[in-house]
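Each residue of the sequence shown is one higher than the one before, starting from 6 at the first, in this note's numbering.
Don't be surprised by glycine CBs; every beta carbon is placed ideally from N, CA and C.
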Amino acid sequence: MRKFALALSLCSSVVLFAADTAQERLSDATKVFNEIMATPDKGVPQELLETAHCIVIVPGMKQAALGIGAKFGRGYAVCRQNRAGWGAPAAIRVEGGSFGFQIGVSNTDIIMLVMNDRGMRRLLEDKVTLGAEATVAAGPVGRQTSASTDVQVSAEILSWSRSKGLFAGIALHGATLRPDNDVNEELYGSKLTNKQLLSGGQTAPASAMDLITALNRYSPREAKDTPIETRAVGKDKKK
Numbered sequence: 006m007r008k009f010a011l012a013l014s015l016c017s018s019v020v021l022f023a024a025d026t027a028q029e030r031l032s033d034a035t036k037v038f039n040e041i042m043a044t045p046d047k048g049v050p051q052e053l054l055e056t057a058h059c060i061v062i063v064p065g066m067k068q069a070a071l072g073i074g075a076k077f078g079r080g081y082a083v084c085r086q087n088r089a090g091w092g093a094p095a096a097i098r099v100e101g102g103s104f105g106f107q108i109g110v111s112n113t114d115i116i117m118l119v120m121n122d123r124g125m126r127r128l129l130e131d132k133v134t135l136g137a138e139a140t141v142a143a144g145p146v147g148r149q150t151s152a153s154t155d156v157q158v159s160a161e162i163l164s165w166s167r168s169k170g171l172f173a174g175i176a177l178h179g180a181t182l183r184p185d186n187d188v189n190e191e192l193y194g195s196k197l198t199n200k201q202l203l204s205g206g207q208t209a210p211a212s213a214m215d216l217i218t219a220l221n222r223y224s225p226r227e228a229k230d231t232p233i234e235t236r237a238v239g240k241d242k243k244k
């Protein structure tokens, strides 16, 4: 317990040290997505991105480890809206613990694709544990690659990580996803829930337009059975 508390304390201090605003985190998420998709042989497969219902991007997830590791990250989930491309982002927290023998702190970017309606419904809940309440698998790498194993095909969520320039699929078993309501309030000026934001009909803030534009640029197709239209205003989309 003392080691676990020490790991949590170390992780928390790093998160506080690297604290940023909701708008800055949106910018970081956009940068992470653009950088990953700019490398076709090492990016998220195009076919999977085009059929995904939602995407979760967590820039700079922290992991502190001293016998027992603690993970913590903040990012955004975005879901497709029929006829209008990708919709308004919802703030999300990723938390999880892992056992290991590393000493130090790592900084990892995380991308998750929610592949079907079941996975999307999980994302709308107050808490979901990957591997327990939602099936998760390591995603394949390469823009021209598609899901190739039974586990990947049947998974509700596919996940990848990027650390020190290495981008690879990773199964985030045991990690939990929770709404980050304080960040939603900071971003939208009111206490909107993730269910309200991801189900459609909400207006995206101007600060989210770069991310939405990037998602629409790399994934213009509509996934089937996606929710109703969400409009985004406040800044013209980049061409």
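Determine the contact status of Ile41 and Met117, defining contact as a CB-CB distance below 8 Å. Taking the sequence shown and counting its residues from 1, one reaches residue 41 at position 36. Taking the sequence shown and counting its residues from 1, one reaches residue 117 at position 112. Going by C-beta atoms, Ile41 is not nearer than 8 Å to Met117.
Using the three-state DSSP reduction, which class does Met42 fall into: helix, strand or coil? Numbered from its first residue, the sequence shown carries residue 42 at position 37. Helix at Met42.
Are the CB atoms of Thr113 and Met66 nearer to each other than 8 Å? For the purposes of this step, residue 113 is identified with residue 108 of the sequence shown, where counting begins at 1. For the purposes of this step, residue 66 is identified with residue 61 of the sequence shown, where counting begins at 1. Taking 8 Å as the Cβ cut-off, Thr113 and Met66 qualify as a contacting pair.
Are Ile115 and Ser166 closer than 8 Å when you measure CB to CB? To locate residue 115, count along the sequence shown from 1; it is residue 110. To locate residue 166, count along the sequence shown from 1; it is residue 161. The answer is yes: Cβ separation under 8 Å.
Check the C-beta distance from Ala209 over to Pro64 and give it rounded, since I have them as a contact under 8 Å. Within the sequence shown, numbered from 1, the residue matching residue 209 stands at position 204. Within the sequence shown, numbered from 1, the residue matching residue 64 stands at position 59. Contact flag wrong, Cβ pair sits at about 18 Å.
Cross-strand partners of Leu163 (DSSP beta bridge): Within the sequence shown, the letter at position 158 stands for residue 163. DSSP, once it has assigned bridges, lists Leu118, Ala142 as partnering Leu163.
With a cut-off of 8 Å, do at least 3 Cβ pairs link the segment 200-216 to the segment 166-177? no
Run of the beta strand (DSSP E) containing Thr181, from where it starts to where it stops: Translated into positions along the sequence shown, residue 181 becomes position 176. That run of the beta strand (DSSP E) goes 181-184.
Applying the 10 Å Cβ sphere with the 16-neighbour rule, what's the burial state of Pro225? Position 220 of the sequence shown, counted from the start, is the residue given in the question as residue 225. So Pro225 ends up on the exposed side.
Cα separation between Met125 and Gly78? Sequence index remark: in the sequence shown, residue 125 carries index 120 (1-based). Sequence index remark: in the sequence shown, residue 78 carries index 73 (1-based). For Met125 and Gly78, the distance between alpha carbons rounds to 20 Å.
May I have the straight-line CA-CA distance separating Ser32 from Ser159, to the nearest angstrom? The residue you call residue 32 lines up with position 27 of the sequence shown. The residue you call residue 159 lines up with position 154 of the sequence shown. Looking at the backbone, the Cα of Ser32 and that of Ser159 are separated by about 32 Å.
Among the residues of its own chain, which have a CB less than 7 Å from the CB of Ser111, if the five just before and after it don't count? Numbered from 1 along the sequence shown, position 106 holds the residue referred to as residue 111. Excluding sequence neighbours, Ser111 sits near Gln68, Ser168.
Short of 6 Å in beta carbon distance, which residues of its chain neighbour Gln157, apart from the five on each side in sequence? Order them along the chain. Looking up residue 157 in the sequence shown gives position 152. Excluding sequence positions up to five before and after Gln157, its CB lies within less than 6 Å of the CB of Ala142, all in the same chain and listed in chain order.
Going along the chain, which residues of its own chain have a beta-carbon closer than 8 Å to the beta-carbon of Leu220, five neighbours each way excluded? Within the sequence shown, the letter at position 215 stands for residue 220. So the qualifying residues of the chain are Phe38, Ile60, Val83, Gly90, Trp91.
CA-CA distance, Arg222 and Lys76? For the purposes of this step, residue 222 is taken as residue 217 along the sequence shown, with counting starting at 1. For the purposes of this step, residue 76 is taken as residue 71 along the sequence shown, with counting starting at 1. Taking the straight line from one Cα to the other gives about 31 Å.
Distance CB(Ser204)-CB(Leu129) smaller than 8 Å: Start at 1 with the first residue of the sequence shown, and residue 204 comes out as number 199. Start at 1 with the first residue of the sequence shown, and residue 129 comes out as number 124. The answer is yes: Cβ separation under 8 Å.
Please report how far the alpha carbon of Asp131 lies from the alpha carbon of Tyr81, in whole angstroms. Locating residue 131 in the sequence shown gives position 126, where the first residue counts as 1. Locating residue 81 in the sequence shown gives position 76, where the first residue counts as 1. Approximately 15 Å, taken between the alpha carbons.
Could you check which residue in Gly147, Glu190, Thr44 has the C-alpha nearest to that of Gly174? Residue 174 sits at position 169 when you count from the first residue of the sequence shown. Nearest option by C-alpha distance: Gly147.
On the three-state DSSP scale, how would you describe Asn189? Counted from its first residue, the sequence shown places residue 189 at position 184. Note: Asn189 maps to helix in three-state DSSP.
Give me the Cα-Cα distance between Ser164 and Asp122, rounded to the nearest whole angstrom. Sequence index remark: in the sequence shown, residue 164 carries index 159 (1-based). Sequence index remark: in the sequence shown, residue 122 carries index 117 (1-based). Approximately 17 Å between the Cα atoms of the pair.
State the start and end residues of the unbroken alpha helix (DSSP H) segment that holds Ala209. Numbered from its first residue, the sequence shown carries residue 209 at position 204. No alpha helix (DSSP H) contains Ala209, which DSSP labels as neither H nor E.
Beta-carbon within less than 7 Å of Ala139's beta-carbon, same chain only, minus the 5 sequence neighbours each way: which residues are those? Sequence index remark: in the sequence shown, residue 139 carries index 134 (1-based). Answer for Ala139: Gly124, Arg127, Val133, Glu161, Ile162, listed in chain order.
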